[in-house]
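Student:
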Amino acid sequence: MAVPLLRLDRIFLTFGTTPLLNQACLSVEQGVRIALVGRNGCGKSTLLKIAAGMSEPSGGEIFRHPRVTLRYVSQNPDCSGFEDIHAFVEDGLDDIPDVQWINTLRTSLGFSGTEKLATLSGGEKRRASLLRALAAKPDILLLDEPTNHLDLPTIEWLEGILSSLPSAIVVISHDRRFLENVTHSTVWLDRGITKRLEKRFSEFENWRDKALEEEALEQHKLGRQIAREEQWLRYGVTARRKRNVRRLGELKKLRQMHKIYRGQPGTALLTASKTSRSGQLVLEAKRISKSYGERVIVKDFSLRIQRGDRIGLVGPNGIGKTTLLSTLIGQEAVDSGTVRHGYNLSMALLDQQRILNEEETLAHYLTGGRGETLLINGQERHVVSYMKDFLFLPEQARTPLKEFSGGERARLMLARLLSRPANFLILDEPTNDLDMETLDLLQEFIADFAGTVLLVSHDRDFLDRTVTHMLAPQGDGHWILYAGGYSDMMAQNKQAALLVRKDKELSQRKGLSNPRAQENAKHPSPVNRGFMGREKIKLRKMSYKQVYALEKLPEQITALQDEIKKIEQELLDPALYCNDKERFMRLSTALEEKKSICAQKEEEWLELALLREEYEKEIRSP
Numbered sequence: 029m030a031v032p033l034l035r036l037d038r039i040f041l042t043f044g045t046t047p048l049l050n051q052a053c054l055s056v057e058q059g060v061r062i063a064l065v066g067r068n069g070c071g072k073s074t075l076l077k078i079a080a081g082m083s084e085p086s087g088g089e090i091f092r093h094p095r096v097t098l099r100y101v102s103q104n105p106d107c108s109g110f111e112d113i114h115a116f117v118e119d120g121l122d123d124i125p126d127v128q129w130i131n132t133l134r135t136s137l138g139f140s141g142t143e144k145l146a147t148l149s150g151g152e153k154r155r156a157s158l159l160r161a162l163a164a165k166p167d168i169l170l171l172d173e174p175t176n177h178l179d180l181p182t183i184e185w186l187e188g189i190l191s192s193l194p195s196a197i198v199v200i201s202h203d204r205r206f207l208e209n210v211t212h213s214t215v216w217l218d219r220g221i222t223k224r225l226e227k228r229f230s231e232f233e234n235w236r237d238k239a240l241e242e243e244a245l246e247q248h249k250l251g252r253q254i255a256r257e258e259q260w261l262r263y264g265v266t267a268r269r270k271r272n273v274r275r276l277g278e279l280k281k282l283r284q285m286h287k288i289y290r291g292q293p294g295t296a297l298l299t300a301s302k303t304s305r306s307g308q309l310v311l312e313a314k315r316i317s318k319s320y321g322e323r324v325i326v327k328d329f330s331l332r333i334q335r336g337d338r339i340g341l342v343g344p345n346g347i348g349k350t351t352l353l354s355t356l357i358g359q360e361a362v363d364s365g366t367v368r369h370g371y372n373l374s375m376a377l378l379d380q381q382r383i384l385n386e387e388e389t390l391a392h393y394l395t396g397g398r399g400e401t402l403l404i405n406g407q408e409r410h411v412v413s414y415m416k417d418f419l420f421l422p423e424q425a426r427t428p429l430k431e432f433s434g435g436e437r438a439r440l441m442l443a444r445l446l447s448r449p450a451n452f453l454i455l456d457e458p459t460n461d462l463d464m465e466t467l468d469l470l471q472e473f474i475a476d477f478a479g480t481v482l483l484v485s486h487d488r489d490f491l492d493r494t495v496t497h498m499l500a501p502q503g504d505g506h507w508i509l510y511a512g513g514y515s516d517m518m519a520q521n522k523q524a525a526l527l528v529r530k531d532k533e534l535s536q537r538k539g540l541s542n543p544r545a546q547e548n549a550k551h552p553s554p555v556n557r558g559f560m561g562r563e564k565i566k567l568r569k570m571s572y573k574q575v576y577a578l579e580k581l582p583e584q585i586t587a588l589q590d591e592i593k594k595i596e597q598e599l600l601d602p603a604l605y606c607n608d609k610e611r612f613m614r615l616s617t618a619l620e621e622k623k624s625i626c627a628q629k630e631e632e633w634l635e636l637a638l639l640r641e642e643y644e645k646e647i648r649s650p
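Position 509, counted from 1, in the sequence shown is what this note's numbering calls 537; the numbers after and before it change by one each time, with no gaps.
1. Where Ala475 and Leu446 are concerned, what is the direct C-alpha to C-alpha distance, given to the nearest angstrom?
2. In whole angstroms, what is the alpha-carbon distance linking Leu92 and Leu217?
3. Tell me whether the segment 125 to 137 and the segment 61 to 72 touch, counting them as touching only if at least three CB pairs, one residue from each stretch, are closer than 8 Å.
4. Output the boundary residues of the alpha helix (DSSP H) element that contains Glu436.
5. Which residues does DSSP list as the beta-bridge partners of Tyr510?
6. Restricting to Cα atoms, I'd like to know which of Gly512, Gly505 and Glu465 is closest to Arg493.
7. Please work out which residues of its chain come closer than 7 Å, Cβ to Cβ, to Met560, disregarding the five sequence neighbours upstream and downstream, and give them in chain order.
8. Quick one: grab the DSSP three-state call for Gly558.
9. Look up Phe116 in the DSSP assignment and say whether it is helix, strand or coil.
10. Looking at the strands, I want to know which residues DSSP matches up with Asp363.
11. Quick one: what's got a C-beta closer than 6 Å to Val265's C-beta in the same chain, skipping five residues either side?
12. Applying the criterion that 16 or more other CB atoms from any shown protein chain within 10 Å of the CB defines a buried residue, is Tyr576 buried or exposed?
13. Within the continuous alpha helix (DSSP H) that includes Asn607, where are the two ends?
14. Could you spell out where the beta strand (DSSP E) holding Val199 opens and where it closes?
15. Using DSSP bridges, identify the partner residues of Asn68.
16. Quick check: what's the CA-CA separation for Phe432 versus Gln424?
17. Which ranges would you report for the alpha helix (DSSP H) in the segment 117 to 187 if only whole runs of at least 4 residues count?
18. Does the beta-carbon of Pro602 have 16 or more other beta-carbons within 10 angstroms, so that it is buried, or is it exposed?
19. Go through the segment 395 to 426 residue by residue and report every complete run of the beta strand (DSSP E) that reaches 3 residues or more, in order.
20. Can you tell me which of Pro94, Ala163 and Arg315 puts its alpha carbon nearest to the alpha carbon of Gln128?
21. From Asp126 to Asp179, what distance separates their C-alpha atoms?
22. Count the other C-beta atoms from every protein chain shown that fall within 10 angstroms of the C-beta of Met498, then say buried if there are 16 or more, exposed otherwise.
23. In the DSSP assignment, the alpha helix (DSSP H) including Ser354 goes from what residue to what residue?
24. Using 8 Å for Cβ pairs, my map puts Arg154 next to Gly138. What's the rounded Cβ distance?
25. Run through DSSP, which three-state label would Asp468 get?
26. Would you call the CB atoms of Asn652 and Gly307 closer than 7 Å?
27. Taking Arg332 as the reference, give the member of Pro85, Ala361 and Gly370 with the closest Cα.
28. What's the gap between the Cα of Ala627 and the Cα of Thr496?
29. Starting from the Cα of Asp489, find the closest Cα among Glu208, Ser55 and Arg99 and give me that residue.
30. Drop a sphere of 10 angstroms on the beta-carbon of Arg529, count the other beta-carbons inside from all chains shown, and report buried for 16 or more, exposed for fewer.
31. What residue range does the alpha helix (DSSP H) around Phe43 cover?
32. Taking Thr97 as the reference, which of Glu111, Gly120, Asp106 and Pro105 has the closest Cα?
33. With H, G and I counted as helix, E and B as strand and the rest as coil, what does DSSP make of Ala587?
34. Between which two residues does the beta strand (DSSP E) harbouring Arg205 extend?
35. For His369, which beta-bridge partners are listed by DSSP?
36. Report the option in Ser571, Ser73 and Gly505 whose CA atom is closest to the CA atom of Ser319.
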């Protein structure tokens with residue numbers, strides 16, 4: 029077996045009475061690629077800091093090869109003491125710098141080298157720390173959530189860079205696709221103990237689940253054995269005193285084993301506060317444009333979102349994803365065009381900026397300072413009870429937010445978001461800092477959510493598991509809607525590129541220009557639904573009949589929705605079809621008719637609301 033470059037053996041670390049690390053081990057051989065995984069708060073970052081020499085354990089042995097170079101990228105890098113990125117990177121070099129290599133890295137990560145570190149955001153400091161680590165070409169790279177705040181092109185670039193390096197790598201990440209592409213083995217940190225799987229990450233979850241099942245079975249057997257021993261001691265033959273003493277000693281050992289066993293932590297309970305259903309049409313954007321000076325964010329873009337859609341926005345950092353999101357939900361005004369929201373829409377927003385009052389307590393943040401209860405699904409619920417759904421302890425209720433980790437803050441923001449009644453969720457980078465278990469629950473929640481979801485994410489696996497459509501930039505302010513998830517979008521682009529190449533080859537053979545190839549080159553995406561080319565509504569004064577309809581339509585829509593709900597409830601009865609097939613068929617037909625009428629009335633209401641606003645705008649204009 030190869031001699032390790034770095035070895036942590038039987039590492040022990042405790043905070044209070046419960047050990048965070050308990051006989052944890054980590055062995056890093058030359059060229060290995062290890063995924064370090066486990067729940068938020070289990071000690072992954074702490075173990076990585078110990079490996080990097082940034083933290084000391086309470087016990088255990090640490091071996092580092094004396095001639096090995098090591099670089100560590102933390103979640104919250106400290107760039108203090110350096111004026112600019114150039115000085116920061118130069119300080120991390122041991123040998124004569126490879127200038128070409130450093131320039132390639134710097135450009136790819138979006139830096140010129142002269143940026144002042146004091147002005148950088150948290151995400152930019154993380155990229156600067158990544159640049160410093162990669163520039164040194166170390167023997168060992170320790171990376172703690174390196175993909176957070178990176179866009180998809182940069183994540184894919186980083187995968188290529190890491191694959192080309194001879195360095196040994198230990199990486200913590202919630203990005204499944206990244207771990208699958210970069211690592212070859214997995215170390216699982218669970219309740220202070222490490223277990224290693226010499227297979228790719230795609231094999232890990234089945235292996236983990238099987239290990240937990242076997243552990244639960246062993247604990248069940250241990251409990252039964254303790255019960256049998258207690259029974260024997262209670263009713264056994266008292267004359268066999270020596271044997272009794274021996275069995276009593278064995279029972280004490282069994283009880284001690286059972287006592288020190290720490291069960292799996294619970295799982296968060298993600299449920300949204302219920303609210304009334306939105307109209308069939310959730311959002312309609314018509315030929316909208318938005319710019320900041322010379323920078324075009326979106327140009328002549330149209331989009332229609334229906335109830336139940338799950339749409340993912342992707343694109344490079346700085347392309348304008350958050351701005352487009354803000355214009356669609358009405359937080360920012362468009363320069364031209366119109367954005368109209370449908371009937372009975374209730375929105376809840378998770379902001380990627382996550383600006384929190386550091387001194388505010390957990391309970392105060394959840395309740396908004398309004399006492400100690402929240403209104404969840406129409407019923408008052410104590411904040412401590414609600415906290416438990418998201419794996420927070422009662423004693424943490426008065427803890428200031430500055431004491432919580434990134435993962436705990438992410439869970440806390442989800443808790444606050446889901447306490448608000450909403451039928452339209454807007455999620456800006458919801459996966460940042462979440463552990464995989466909570467990420468799985470969020471995916472299941474989105475899949476089961478009865479409303480509509482619009483989200484921004486750089487997590488490819490998350491997008492594949494959650495969205496029905498992808499919205500991506502094509503340059504010059506143009507955005508295209510694709511059917512399916514991230515992998516579907518990439519496959520469609522690949523197919524479109526193949527068609528362009530074939531058309532080009534055919535054109536060259538014929539010596540003619542091919543209009544279809546030119547069109548495909550301009551618009552590589554095959555899917556774009558919306559209202560491109562549709563004429564604007566002519567401005568005119570609203571008639572009395574239209575004004576009356578605008579006032580009455582909401583009542584009619586609500587009545588229809590109530591009827592639809594009543595019919596749907598009756599059709600849920602499994603005995604109806606068997607007992608009265610004719611009534612079942614009548615109700616099914618009526619349901620479709622009422623849904624169609626309701627959709628038509630929602631369309632009519634939206635058109636009239638648009639007409640009224642355009643008319644009012646015309647009156648106000650000089």
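We put the CB at the ideal spot given by N, CA and C, even for glycine.
Just so it is clear, the structure is predicted and the values come from calculations on it, not from any experiment.
Tutor: Concretely, from the data shown:
1. Against the sequence shown, residue 475 aligns to sequence position 447. Against the sequence shown, residue 446 aligns to sequence position 418. The straight-line gap from Cα to Cα measures roughly 15 Å.
2. Within the sequence shown, numbered from 1, the residue matching residue 92 stands at position 64. Within the sequence shown, numbered from 1, the residue matching residue 217 stands at position 189. Looking at the sequence shown, residue 92 is not Leu but Arg. In a straight line, the C-alpha of Arg92 is about 21 Å away from that of Leu217.
3. no
4. The residue labelled residue 436 in the question sits at position 408 within the sequence shown. Gly434 to Ser447 is the span of the alpha helix (DSSP H), which, as asked, contains Glu436.
5. Sequence index remark: in the sequence shown, residue 510 carries index 482 (1-based). Answer is Met498, bridged to Tyr510.
6. For the purposes of this step, residue 493 is taken as the residue at position 465 of the sequence shown. Among Gly512, Gly505 and Glu465, the Cα nearest to that of Arg493 belongs to Gly512.
7. As a working note, residue 560 is residue 532 in the sequence shown. Residue confidence for Met560 is low, a pLDDT of 32 falling below 50, so the modelled location carries little weight and cannot support an answer.
8. Taking the first residue of the sequence shown as 1, we reach residue 558 at position 530. Low per-residue confidence applies at Gly558: pLDDT is 34, beneath 50, and the placement is therefore not dependable enough to give any value.
9. Numbered from its first residue, the sequence shown carries residue 116 at position 88. DSSP places Phe116 in helix when its eight states are reduced to three.
10. Mapped onto the sequence shown, residue 363 falls at position 335. Asp363 is not bridged to any residue.
11. Position 237 of the sequence shown, counted from the start, is the residue given in the question as residue 265. Bear in mind that the predicted position of Val265 carries a pLDDT of just 49, short of 50, making it unreliable; the figure below should be weighed with that in mind. Cβ within range, chain order: n/a, list empty.
12. On the sequence shown, position 548 is the one that residue 576 refers to. Its Cβ having fewer than 16 others within 10 Å, Tyr576 is exposed.
13. Against the sequence shown, residue 607 aligns to sequence position 579. Element bounds for Asn607: Leu604 to Asn607.
14. Residue 199 sits at position 171 when you count from the first residue of the sequence shown. Taken as a continuous stretch (DSSP letters only), the beta strand (DSSP E) holding Val199 covers Ala196 to Ile200.
15. Here residue 68 is taken as the residue at index 40 of the sequence shown, counted from 1. The partner list for Asn68 (beta bridge, DSSP) is empty, contrary to what the question assumes.
16. Within the sequence shown, the letter at position 404 stands for residue 432. Within the sequence shown, the letter at position 396 stands for residue 424. Distance between the alpha carbons of Phe432 and Gln424 is about 10 Å.
17. 127 to 136 and 150 to 163
18. For the purposes of this step, residue 602 is identified with residue 574 of the sequence shown, where counting begins at 1. Per the 10 Å Cβ criterion, exposed.
19. 401 to 404 and 407 to 410
20. Residue 128 sits at position 100 when you count from the first residue of the sequence shown. Of the listed residues, the one whose Cα sits closest to Gln128 is Ala163.
21. As a position in the sequence shown, residue 126 is number 98, starting the count at 1. As a position in the sequence shown, residue 179 is number 151, starting the count at 1. Those two C-alpha atoms are separated by around 26 Å.
22. On the sequence shown, residue 498 is found 470 positions in, with the first residue counted as 1. That one is buried.
23. Residue mapping note: residue 354 aligns to position 326 of the sequence shown, counting from 1. That run of the alpha helix (DSSP H) goes Lys349 to Leu356.
24. For the purposes of this step, residue 154 is taken as the residue at position 126 of the sequence shown. For the purposes of this step, residue 138 is taken as the residue at position 110 of the sequence shown. Not quite, the Cβ-Cβ distance comes to about 12 Å (not below 8 Å), so this is no contact.
25. Working through the sequence shown from its first residue, we reach residue 468 at position 440. Helix.
26. Residue 652 falls outside the range modelled here, since the chain spans only 29 to 650, and no answer is possible.
27. Along the sequence shown, read from residue 1 onward, the residue named residue 332 stands at position 304. It is Gly370.
28. Numbered from its first residue, the sequence shown carries residue 627 at position 599. Numbered from its first residue, the sequence shown carries residue 496 at position 468. Roughly 21 Å between the two C-alpha positions.
29. The sequence position of residue 489 within the sequence shown is 461, counting from 1. When only C-alpha atoms are compared, the closest one is Glu208.
30. Locating residue 529 in the sequence shown gives position 501, counting from the first residue. Exposed, by the Cβ-count rule.
31. Within the sequence shown, residue 43 is the residue found at index 15, counting from 1. Where Phe43 is concerned, there is no enclosing alpha helix (DSSP H), although the beta strand (DSSP E) it sits in stretches over Leu34 to Phe43.
32. On the sequence shown, position 69 is the one that residue 97 refers to. Cα-wise, what sits closest to Thr97 is Gly120.
33. One-based indexing of the sequence shown puts residue 587 at position 559. The answer is helix: DSSP assigns Ala587 an H, G or I state.
34. If you number the sequence shown from 1, residue 205 lands on position 177. No beta strand (DSSP E) holds Arg205; the alpha helix (DSSP H) holding it covers Arg204 to Val210.
35. Here the question's residue 369 lines up with position 341 in the sequence shown. His369 pairs with Leu311.
36. Taking the sequence shown and counting its residues from 1, one reaches residue 319 at position 291. For the residues Ser571, Ser73 and Gly505, the minimum Cα distance to Ser319 belongs to Gly505.
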